Amino acid sequence: MRLTTDLINNSLSFINCLTERELDLRGHKISAIENMGAARDNDAIDLTDNDIAQIGNFPLQPRLRTLFLGQNRISNIQSNLSTSIPNLQTLVLTKNRLTELADLDPLAGFKKLVHLTALGNPVASKEVRTFAPNYRYWVIWRCPAVRYLDFAKVKDVERKKAQELFGTSEEPTELASKIMGVKSKGFVVPTTNGADSSNKQDRIYTDDEKKRMRAAIQQASSLAEMARLEKDFAEGRIPAHILEGGDPMET
Numbered sequence: 424m425r426l427t428t429d430l431i432n433n434s435l436s437f438i439n440c441l442t443e444r445e446l447d448l449r450g451h452k453i454s455a456i457e458n459m460g461a462a463r464d465n466d467a468i469d470l471t472d473n474d475i476a477q478i479g480n481f482p483l484q485p486r487l488r489t490l491f492l493g494q495n496r497i498s499n500i501q502s503n504l505s506t507s508i509p510n511l512q513t514l515v516l517t518k519n520r521l522t523e524l525a526d527l528d529p530l531a532g533f534k535k536l537v538h539l540t541a542l543g544n545p546v547a548s549k550e551v552r553t554f555a556p557n558y559r560y561w562v563i564w565r566c567p568a569v570r571y572l573d574f575a576k577v578k579d580v581e582r583k584k585a586q587e588l589f590g591t592s593e594e595p596t597e598l599a600s601k602i603m604g605v606k607s608k609g610f611v612v613p614t615t616n617g618a619d620s621s622n623k624q625d626r627i628y629t630d631d632e633k634k635r636m637r638a639a640i641q642q643a644s645s646l647a648e649m650a651r652l653e654k655d656f657a658e659g660r661i662p663a664h665i666l667e668g669g670d671p672m673e674t
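Numbers in this note's numbering are just positions in the sequence shown, counted from 1, shifted up by 423.
Structure, rendered in structure tokens:
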């Protein structure tokens, strides 16, 4: 579903328990963020449980302080996002597709970000990512304003350890430089003007292929496998074993 101005204007807007004006856009299967100029008069926006792949395309919204984006398909964060919503204080990214530590780097631009959670992403899983043991220290180092990460208060000893591991922004350590060099391509939502989209991303899938893709994602055994499949499909690739499988509707 598209995030239209009509959907925004007709959605519930209310004063939440923090006395913020909150816009409820949960569960509409929205595939891309757009037309957010119609939502400028809100302090909080809830986009939980949609199909969003990229965080971006916000106009300047200095009033926005809280953004809920859990349970989407997010694998990419727009590099200049912080210039559009500079006063963001709370960001919820649970259960998405963020894979590499460097994918979180755009969050470093948020100078007022206090509450952040990214639990349920492959990047936060020690079993999946090479640098995952450094996940918490990396976020603390890149986002020094954050005081609560994944619902746990950031301690001074953690800030000290993060600096020992990664150095300073002017003089990063070898480990920091290595991590910054590993960034997943992610899925970038095409702009509405249709500019600069690759041939692979323009591929039109048949109904049978779509069924097989959905079935493969539903049957994935881990978040990492789901993220890998999502990336392949977004770039126009379908692994051979999926195409050659049996009836996609069989369980």
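Ideal Cβ placement from N, Cα and C applies to all residues, glycine included.
Values in this document were obtained by computation on a predicted structure and should not be read as measured data.
Report task. Could you say which of His-538, Val-537 and Arg-559 lies nearest to Val-546 if we only look at CA atoms? Result -> The closest CA to that of Val-546, considering only His-538, Val-537 and Arg-559, is found on Arg-559.
Query raised in the report: Beta carbon of Leu-524, beta carbon of Trp-561: below 8 Å?
Result: At the C-beta level, Leu-524 and Trp-561 come within 8 Å of one another.
Query raised in the report: Looking only at C-alpha atoms, which of Thr-506, Thr-489, Asn-510 and Lys-518 sits nearest to Cys-440?
Result: Answer by Cα proximity: Thr-489.
Report task. Report the residue ranges of all beta strand (DSSP E) runs contained in full by the stretch 477-510; include only those spanning at least 3 residues, in chain order. Result -> Whole beta strand (DSSP E) segments, 3+ residues: 489-491.
Query raised in the report: Can you give the Cα-Cα distance for Ala-599 and Asn-432, rounded to whole angstroms?
Result: Inter-residue distance for Ala-599 and Asn-432 is about 44 Å (C-alpha atoms, whole angstroms).
Requested in this report: Classify Met-424 as buried or exposed, calling it buried when 16 or more other Cβ atoms lie within 10 Å of its own Cβ.
Outcome: Looking at its Cβ environment, which holds fewer than 16 other Cβ atoms inside 10 Å, Met-424 is exposed.
Query raised in the report: Any idea if Ile-438 is buried or exposed, counting beta-carbon neighbours within 10 angstroms, 16 or more meaning buried?
Result: Its Cβ having fewer than 16 others within 10 Å, Ile-438 is exposed.
Report task. Going by CA-CA distance only, name the one from Leu-530, Met-459 and His-538 that's closest to Arg-565. Result -> For Arg-565, the closest of Leu-530, Met-459 and His-538 by C-alpha to C-alpha distance is Leu-530.
Requested in this report: Look at the alpha carbon of Leu-446 and the alpha carbon of Thr-596, and state the distance between them as a whole number of angstroms.
Outcome: One C-alpha to the other measures close to 42 Å.
Query raised in the report: Taking the Cβ atom as the reference point for each residue, do Phe-491 and Leu-511 lie within a distance shorter than 8 Å?
Result: Cβ distance not < 8 Å, so Phe-491 and Leu-511 don't count as in contact.
Query raised in the report: Exposed or buried, which one is Thr-522 when buried takes at least 16 other CB atoms within 10 Å?
Result: The residue is buried, with at least 16 neighbouring Cβ atoms inside 10 Å.
Report task. Would you tell me roughly how many angstroms separate the C-alpha atoms of Thr-428 and Ser-434, rounded to the nearest one? Result -> Here the alpha carbons of Ser-434 and Thr-428 stand approximately 10 Å from one another.
Query raised in the report: Under the three-state reduction of DSSP, which class applies to Gly-604: helix, strand or coil?
Result: The answer is coil: DSSP assigns Gly-604 none of H, G, I, E or B.
Query raised in the report: If you compare alpha carbons, which of Ile-456, Ile-563, Leu-470 and Glu-457 is closest to Ser-436?
Result: Selected option, being the one with the closest Cα: Leu-470.
Query - Straight-line gap, Leu-527 to Lys-633 (C-alpha atoms, nearest Å) - result: If you take the alpha carbons of Leu-527 and Lys-633, they lie about 30 Å apart.
Query raised in the report: For Thr-517, does the three-state DSSP call read helix, strand or coil?
Result: Coil.
Report task. Between the Cα of Ser-454 and those of Asp-466, Ala-467, Asn-465 and Asn-473, spot the shortest distance and give me the residue it belongs to. Result -> Of the candidates Asp-466, Ala-467, Asn-465 and Asn-473, the one whose C-alpha sits nearest the C-alpha of Ser-454 is Asn-473.
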